[in-house]
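Everything on this sheet refers to the single structure shown next.
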Amino acid sequence: MFTDTSRHESTMLLAVWLAVHSMMPIVALAAVVWGTVMMAIHSNVEHIFIVLFPSLAAIGVLMYFIVVVHSYRMHLKSNRVQDVERFPASYVTNKKSLAIPQRRGKYPSNDFY
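By the UniProt record's numbering, the letter at position 112 of the sequence shown is numbered 112, and the numbering carries on one by one without gaps.
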C-alpha cells in the first residue's frame, strides 16, 4: 500500500505533527528525533543534512511555539497580579462593605441623609 518513501514521509509528518501539537516539549522533541533517526536508518541518503533539515525546522517551530506560549502565560500572570493589586482581598471580602445598612434611631429615614 505505502511505498518506502511515503512511509518515511508519513513518519516524519507524524513526528512534526506531534512536535507542533504537543504541550510537552520533551515528548515533542523525542518525536522529532525519533522520526529523524527512522528516516536516517531506513533511507539511503548520502548527505545527512537532507534528513536532518526537516527535523531542525520542526525543532525551530517547536521552540518558537514554546516561547510564544510561555510569553503569553507570563502576560496573563502579570495581568492577574495587577488585578489583585487593584482589588485587594480585604476590599472584596470585607463584611462591612457587604452588610446591609442598619437602621438606627427613632426615625430611621433620617439616617440616610
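Ideal Cβ placement from N, Cα and C applies to all residues, glycine included.
DSSP three-state assignment for SER43, whether helix, strand or coil: coil
Burial state of ILE59, where buried means 16 or more other Cβ atoms lie within 10 Å: buried
C-beta atoms of MET74 and MET39 nearer than 9 Å: no
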